[in-house]
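Q:
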Amino acid sequence: AGLRIDIISCVPRLLDSFFDHSILKRAKEAGHAEVVIHDLRDYSTHKQKQIDDYAFGGGAGMVLGIETIARCIRSLQNIRIYDEIIYMTPDGERFEQKVANRLSMSKNLMILCGHYKGIDERVREHFITKEISIGDYVLSGGELPAAVVSDAIIRLIPGVLNDETSALTDSFQDNLLAPPVYTRPADFEGWKVPEILLSGHEKKIAEWRLEQSIKRTQARRPDLLQ
Ligand code: ADE
Numbered sequence: 014a015g016l017r018i019d020i021i022s023c024v025p026r027l028l029d030s031f032f033d034h035s036i037l038k039r040a041k042e043a044g045h046a047e048v049v050i051h052d053l054r055d056y057s058t059h060k061q062k063q064i065d066d067y068a069f070g071g072g073a074g075m076v077l078g079i080e081t082i083a084r085c086i087r088s089l090q091n092i093r094i095y096d097e098i099i100y101m102t103p104d105g106e107r108f109e110q111k112v113a114n115r116l117s118m119s120k121n122l123m124i125l126c127g128h129y130k131g132i133d134e135r136v137r138e139h140f141i142t143k144e145i146s147i148g149d150y151v152l153s154g155g156e157l158p159a160a161v162v163s164d165a166i167i168r169l170i171p172g173v174l175n176d177e178t179s180a181l182t183d184s185f186q187d188n189l190l191a192p193p194v195y196t197r198p199a200d201f202e203g204w205k206v207p208e209i210l211l212s213g214h215e216k217k218i219a220e221w222r223l224e225q226s227i228k229r230t231q232a233r234r235p236d237l238l239q
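Start counting the sequence shown at 14; every next residue gets the next number (UniProt numbering).
1) Can we count MET118 as close to the ligand ADE, meaning its CB is less than 7 Å from some heavy atom?
2) Indicate, with yes or no, if the ligand ADE has a heavy atom lying under 7 Å from the CB of GLY74.
3) Is there contact here, the segment 87-97 with the segment 64-74, by at least three beta-carbon pairs under 8 Å?
4) How would the residue list near the ligand ADE read, in chain order, if you kept each one whose beta-carbon is closer than 6 Å to any heavy atom?
5) Return the chain-ordered list of same chain residues with a C-beta closer than 8 Å to the C-beta of SER212, the five sequence neighbours on each side being excluded.
6) Whose C-beta lies closer than 7 Å to the C-beta of ILE64 among residues of the same chain, with five residues either side of it excluded?
7) Please report how far the alpha carbon of ALA159 lies from the alpha carbon of VAL194, in whole angstroms.
8) When burial is assigned at 16 or more other CB atoms within 10 Å of the CB, is MET118 buried or exposed?
9) Unbroken alpha helix (DSSP H) runs of length 4 or more, entirely within the segment 104-141: which are they?
The following block contains the structure:
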């Protein structure tokens, strides 16, 4: 039961600590999701565990080769069927909430993190089923992007969040930003919490929150309302 994500990386240490903490750790303990990190180097057959090589045609620095990646992907495919084999890359499809929603319904996902100047194009052509970018900026590897995508997906799995409805009220879930929230004290040095939230009128509070969401979206992200 639960979603399994296999992440292939040549710097696996970057990911270990992230998945051993917070929400993701609890998700694992409760059986909702499991993330397994694989060191690409373990699949190299070279004497020095080499995984990259010079680019054909010159320039561009080192490129991750297809042989080691193919061995790694195929060994995982021998054990389970993957809904998607994802490559993290700045020229992929832009990651957004709708993509996270869709991916959170998967059984098995594989995520390949790129590094250096890229990976042999034939990997993308023949193994990868989905390419994702987390935004229009270039990071030095796909590890942080893979962690971002995994976090966004796992927190959507029913039961992972304490309050099961709370992912439904996230920003972006209805193309609206989330409304402001407050906690005690109701008055901090004269800065007061909006009266309506203290009133106990559930319906009025829901209306106020929707109104605030719309106002905030109009002010900050009018593009979402198109
Ligand atoms: N690898 C490097 N930069 C990236 C980005 N912006 N999104 C996904 N993968 C990446």
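Glycine included, every Cβ here is placed at the ideal spot set by N, Cα and C.
A: Taking the geometry as given:
1) For this step, residue 118 is matched to residue 105 along the sequence shown. Not a single heavy atom of the ligand ADE lies less than 7 Å from the C-beta of MET118.
2) Numbered from its first residue, the sequence shown carries residue 74 at position 61. No.
3) With a cut-off of 8 Å on Cβ pairs, the segment 87-97 is not in contact with the segment 64-74, counting fewer than three such pairs.
4) Qualifying residues, in the order they occur: MET101, THR102, PRO103, GLY127, SER146, ILE147, GLY148, TYR150, VAL151, LEU152, GLY155 and PRO158.
5) On the sequence shown, residue 212 is found 199 positions in, with the first residue counted as 1. For SER212, where only same-chain residues beyond five positions count, the Cβ hits under 8 Å are ILE218.
6) On the sequence shown, position 51 is the one that residue 64 refers to. Sequence-distant Cβ neighbours of ILE64 in its own chain, meaning closer than 7 Å and more than five residues away, are CYS23, LEU53, ARG54, SER57, LEU77, GLY78 and THR81.
7) Start at 1 with the first residue of the sequence shown, and residue 159 comes out as number 146. Start at 1 with the first residue of the sequence shown, and residue 194 comes out as number 181. Between the C-alpha atoms of ALA159 and VAL194 there is a straight-line separation of about 30 Å.
8) Within the sequence shown, residue 118 is the residue found at index 105, counting from 1. Exposed: under 16 other Cβ atoms inside 10 Å.
9) Whole alpha helix (DSSP H) segments, 4+ residues: 110-116 and 134-139.
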